[in-house]
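Contents: one structure, followed by commentary.
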Amino acid sequence: MSGTFSQEYVAVYDLLYGAKDYVSEADFVLARLNKASSAPLNNLLDIGSGTGRHAHLFAKQGLAVHGVDLSEKMVALATQRSTGLPTASSVQFMQGDVRSFRLLQAFDAAAALFHVLSYITVNDDLDAALRQIRRHLPKGAPFLFDYWYAEAIRRDGVARREREVESDAWHVHRLTEPVLEAKNDLVRVNFHVTATDKKTGTIHRWQEEHPMRYFDPAFLEEKLSVHGFKTIAHGEWLTKGPPQAGELGAYVLAVAI
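In the UniProt record's numbering, the protein residues as written are 1 to 257.
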C-alpha cells in the first residue's frame, strides 16, 4: 500500500490543493451519508484524513470526527492546524493503517475521500481495509468513498501536467508525469516538485511516486458485498449523475449489513 507523503510534500500540500472545493465536497458527502443512514449521525470515521480540512467541515455541521491517516506527518500537520479552530474539540486525529487500525468505538458513518482507496493497489490490502472499516460500523451505518473511475482512464489515458502555485511563504512548481500500467489497473503518478522558500530563497527539489489504482464499479460492489456492505449508489463525483467515461472522479455509497 502506498500513500505516505514526504515531509516536503506535506509542507506544501494545502497550497497545492488550495483550489479544491472542500466545502462543496463535505456538503456532498454528508447529504448522501445522512440520506442513507438508518439513524441520525452524531459521529464519523474519516479514513485518510490528511490535513484535516474535510474533518473540520464535518464537525462544523455537528459531528464528532475521528480522523485516521497512514502518514505521521499528515497527522502532525492536521493536529497543528486544529489549534484555535472553533471545531477543534470535535475533531481528533491519529496515525493508523486502514488495513489494521483498531478503535474502541463504533461510528455512525465513515468516509474515505480524495481517492484514499485508490492508493490501495493490492487486492489483499483492499480486503483488509474494507474489513477493518466494517468492524467500526454498526448495521445500517453508511460508508462513502471516492475513487478513480476505470472507464475514464481507459478512454482518455493519462497526461503530463504542470501546476504552479504561490503563497506569501512559498512558490511551488509541480510537474506530474503519470505512467499507465493497464495490466494492473494502475497509474504511477510521478511528481517532480520545486518549492522556493520566499523568505530565505532556499530552493527545495524532490521527486516522489504515488501508485494509484483505478476501479470498475462492479468490482468494488463485489468487494463491498464480501465484507458486509450493500452498495446503494454509484455516481460521478460532486454530481447527481452516474459515473462518466470522461470524468476521473467517481464515488460509491454503501451501508453496513
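We put the beta carbon where it would ideally sit given N, CA and C, even for glycine. Nothing here was measured: the structure is a model prediction, and the numbers come from that model.
Checking the DSSP bridge columns, you'll see Lys-230 partnered with Val-255.
In this structure, Leu-253 lies near Ala-36, with their beta-carbon atoms less than 8 angstroms apart.
Taking Val-116 as reference, the option from Asp-97, Gly-62, Ala-218 with the minimal CA-CA separation is Asp-97. Under the three-pair Cβ rule at 8 angstroms, the stretch 60-77 counts as touching the stretch 87-97. In the structure shown, Phe-219 adopts helical secondary structure according to DSSP, grouped into three states. Residues Glu-177 of the same chain have their beta carbon placed closer than 6 angstroms to that of Arg-160, with the five preceding and five following residues left out of the count. About 25 angstroms separates the beta carbons of Trp-148 and Leu-77, which is beyond the 8 angstroms limit, so they are not a contact pair. Looking from the CA of Arg-155, the closest CA among Ala-129, Gln-244, Ala-19 belongs to Gln-244. Taking a C-beta distance under 8 angstroms as the contact criterion, Val-29 and Ala-111 qualify as a contact pair. Rounded to whole angstroms, the gap between the alpha carbons of Leu-103 and His-136 is 7 angstroms. DSSP lists no bridge partner for Gly-52. With respect to the 8 angstroms criterion, Tyr-9 and Glu-222 are not classified as neighbours on the basis of their beta carbons. Per DSSP, the continuous alpha helix (DSSP H) segment holding Glu-151 begins and ends at 150-156. The residue among Thr-51, Val-68, Ala-109, Phe-107 with its C-alpha nearest the C-alpha of Thr-83 is Thr-51. DSSP links Met-94 through a beta bridge to Val-68.
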